[in-house]
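Structure first, then comments.
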Amino acid sequence: MADNSKDGNQRRTLDTTSKRSSSKNPKNTAGGGLTDASKIIPSSHDGDRRRSDDVASIITSDSLAAIRKKFHVPNDVLIIAPKRTDRAHTPPQGFVAVYEMTLRAGLRFPPAPELLDIFKACGVALPQFLCRAVTIIVGLIVFFRERGATLTVEYLSKMCKFTSDSYGRISCRANKKWLDFVTRDPSKNWYNSFFFVKNEWGLPEKWDKLKELPSSLHVGEGDILRILNFSNTESLQQELRYISRCVTEECLFKAVEEFKESVTYRREIQHLIQEAYEKLFDVEVKDLERQSLEEGFTRGFLKGVRLVHRKTGVDIEGLTPSQASEDSSPDSGDEDIESELKNALFSDDDDIDIA
20 MADNSKDGNQ RRTLDTTSKR SSSKNPKNTA GGGLTDASKI IPSSHDGDRR
70 RSDDVASIIT SDSLAAIRKK FHVPNDVLII APKRTDRAHT PPQGFVAVYE
120 MTLRAGLRFP PAPELLDIFK ACGVALPQFL CRAVTIIVGL IVFFRERGAT
170 LTVEYLSKMC KFTSDSYGRI SCRANKKWLD FVTRDPSKNW YNSFFFVKNE
220 WGLPEKWDKL KELPSSLHVG EGDILRILNF SNTESLQQEL RYISRCVTEE
270 CLFKAVEEFK ESVTYRREIQ HLIQEAYEKL FDVEVKDLER QSLEEGFTRG
320 FLKGVRLVHR KTGVDIEGLT PSQASEDSSP DSGDEDIESE LKNALFSDDD
370 DIDIA
């Protein structure tokens, strides 16, 4: 009994040692083969990237209805709940992923034109922007609008700088000369609350590398102060300390309504312009086109005759001074031109000597 127990302990010791040896040396396999370590490809979703991206969404169709109501998403904006296999960094074709925290940060639909320009200039997908970056962008858009100005990509590049971490997340590094304030990103429980929105605005859909915002040498400190009607940067900076008020529901709702009104107005103007253009085309443009076609051959033929005369330097019998001139007389009417053309056409070929 004692010997058998001793042998069993030895076998267990050998098995444990063998397992430890195999785990330390990955080249040792049960079949005696070798594993090529160079063929082991690490996952592209490790660490924070895995926690933030490689997770399913908890958003359902029921919670989408609450989101639409809470954040005033228009009924004509299509939003869908993700499937369990969907991920934020790989949305369905024609859709963009949106985190609920981005809506809390100030994003509204339809996106403001300034926001679209900035996102497109950065060349990255919407879910790559962290909460703080969205708050700053949207807050500045509203702040500029309140002062009768428009935030451009060039102005934004003077006031802050976007940076990307190793996982592609975009944060905003504010220029303290302009934006001396602090906003916070949520620390957890935000990356599993996303849904998809139909991309009607040409936004980048797939995750990509951040592009540097274009800057203009013609845009300086004085330009920003002037359009915002501030005498110095200190007073502007003091106002921007309270930029968080610009992303309150009241301010955002007002900004969205103003944008909708501007879109409606622009569509009405475009419709009126189109009607006027069509009327002008029917009444005048078609008539001009007819006259051009009728006169085009006549004038083109005379131009060819003049070209032959000028190139050869030989006088062509039957070519009138008006025909020989570079341009017809502005007083020449259709009958005069037709008469000149007939003279050129029906001249005796033997009389036209071209050297």
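Add 19 to a position in the sequence shown, counting from 1, and you land on the number used in this note's numbering.
All C-beta atoms in this analysis are idealised placements derived from N, C-alpha and C, irrespective of residue type, glycine included.
Burial state of residue i (16 or more Cβ within 10 Å)
{"i": "Ile77", "result": "exposed"}
{"i": "Gly66", "result": "With a pLDDT of 41 at Gly66, under the threshold of 50, the modelled position of that residue is not reliable, and the figure given next carries that caveat. Exposed: under 16 other Cβ atoms inside 10 Å."}
{"i": "Pro233", "result": "exposed"}
{"i": "Lys88", "result": "exposed"}
{"i": "Gly125", "result": "buried"}
{"i": "Val161", "result": "buried"}
{"i": "Thr104", "result": "exposed"}
{"i": "Val398", "result": "It is not possible to answer for residue 398, since the shown part of the chain is limited to 20 through 374."}
{"i": "Arg375", "result": "In this structure the chain extends from 20 to 374, so residue 375 is not present and cannot be described."}
{"i": "Ser254", "result": "exposed"}
{"i": "Gln112", "result": "exposed"}
{"i": "Arg192", "result": "exposed"}
Simplified DSSP state of residue i, which is helix, strand or coil
{"i": "Phe249", "result": "coil"}
{"i": "Phe114", "result": "strand"}
{"i": "Arg192", "result": "strand"}
{"i": "Lys180", "result": "strand"}
{"i": "Phe138", "result": "helix"}
{"i": "Phe163", "result": "helix"}
{"i": "Thr48", "result": "Because Thr48 sits at a pLDDT of 40, beneath the cut-off of 50, its placement in the model cannot be relied upon, and the point is left open."}
{"i": "Val143", "result": "coil"}
{"i": "Ala56", "result": "For Ala56, the predicted model reports a pLDDT of 34, less than 50, meaning its position is unreliable and no value from the coordinates is stated."}
{"i": "Arg87", "result": "helix"}
{"i": "Asp81", "result": "helix"}
{"i": "Ser235", "result": "coil"}
{"i": "Glu258", "result": "helix"}
{"i": "Thr121", "result": "helix"}
{"i": "Thr154", "result": "helix"}
{"i": "Val92", "result": "coil"}
{"i": "Asp242", "result": "helix"}
{"i": "Val172", "result": "helix"}
{"i": "Glu224", "result": "coil"}
Option nearest residue i by Cα separation, candidates the options
{"i": "Leu159", "options": "Leu170, Ala75, Arg103 and Ala84", "result": "Leu170"}
{"i": "Ser80", "options": "Val153, Ser212 and Cys191", "result": "Ser212"}
{"i": "Pro132", "options": "Gly221, Val216, Leu236 and Cys191", "result": "Gly221"}
{"i": "Gly142", "options": "Ser254, Pro223, Ile243 and Leu236", "result": "Pro223"}
{"i": "Phe163", "options": "Phe148, Leu244 and Val74", "result": "Leu244"}
{"i": "Val172", "options": "Asn218, Leu236, Leu255 and Cys150", "result": "Leu236"}
{"i": "Asn94", "options": "Leu247, Ser254 and Val216", "result": "Val216"}
{"i": "Phe181", "options": "Gly241, Leu122, Pro110 and Ile155", "result": "Ile155"}
{"i": "Phe114", "options": "Ser250, Cys191, Glu231 and Ala144", "result": "Ala144"}
{"i": "Trp209", "options": "Asn251, Leu149 and Asp242", "result": "Leu149"}
{"i": "Ala140", "options": "Glu231, Cys179 and Ala152", "result": "Glu231"}
{"i": "Met178", "options": "Pro130, Glu258, Glu240 and Pro110", "result": "Glu240"}
Beta-carbon proximity list for residue i, same chain, < 8 Å, skipping 5 on both sides
{"i": "Phe214", "result": "Ser76, Ile78, Leu83, Ile86, Ile98, Ile99, Ala100, Pro101, Ala116, Val117 and Glu119"}
{"i": "Lys58", "result": "Note that Lys58 scores a pLDDT of 35, beneath 50, so its modelled location is shaky; the value from the coordinates is reported in the next line. Around Lys58: no qualifying Cβ."}
{"i": "Asn218", "result": "Gly113, Phe114, Val115 and Glu224"}
{"i": "Val153", "result": "Thr121, Ala124, Gly125 and Leu126"}
Cutoff 6 Å; reference residue i; Cβ partners in own chain excluding five residues on either side
{"i": "Ser183", "result": "Ile189 and Leu229"}
{"i": "Leu122", "result": "Phe90"}
{"i": "Val92", "result": "Phe128"}
{"i": "Leu135", "result": "Trp220"}
{"i": "Ser250", "result": "none"}
According to DSSP, residues forming a beta bridge with residue i
{"i": "Ile99", "result": "Phe215"}
{"i": "Thr109", "result": "Arg106"}
{"i": "Phe128", "result": "Paired residue(s): none; Phe128 is not in a bridge."}
{"i": "Phe148", "result": "Ile189"}
Proximity test, Cβ basis, 9 Å: residue i and chain C
{"i": "Val153", "result": "In summary, chain C is missing from the structure at hand, where a single protein chain is found."}
Contacting residues, own chain, Cβ-Cβ under 7 Å from residue i (five flanking each side not counted)
{"i": "Ile137", "result": "Ile156, Val172 and Leu175"}
{"i": "Arg166", "result": "Leu247 and Asn248"}
{"i": "Val74", "result": "Tyr210 and Asn211"}
{"i": "Pro147", "result": "The question names Pro, but residue 147 is Gln in the sequence shown. If we look at Gln147 and ignore the five residues flanking it on each side, its Cβ neighbours are Gly187, Arg188, Ile189 and Trp226."}
{"i": "Ala168", "result": "Ile246 and Leu247"}
{"i": "Pro130", "result": "Trp220"}
{"i": "Val238", "result": "Glu173, Tyr174 and Lys177"}
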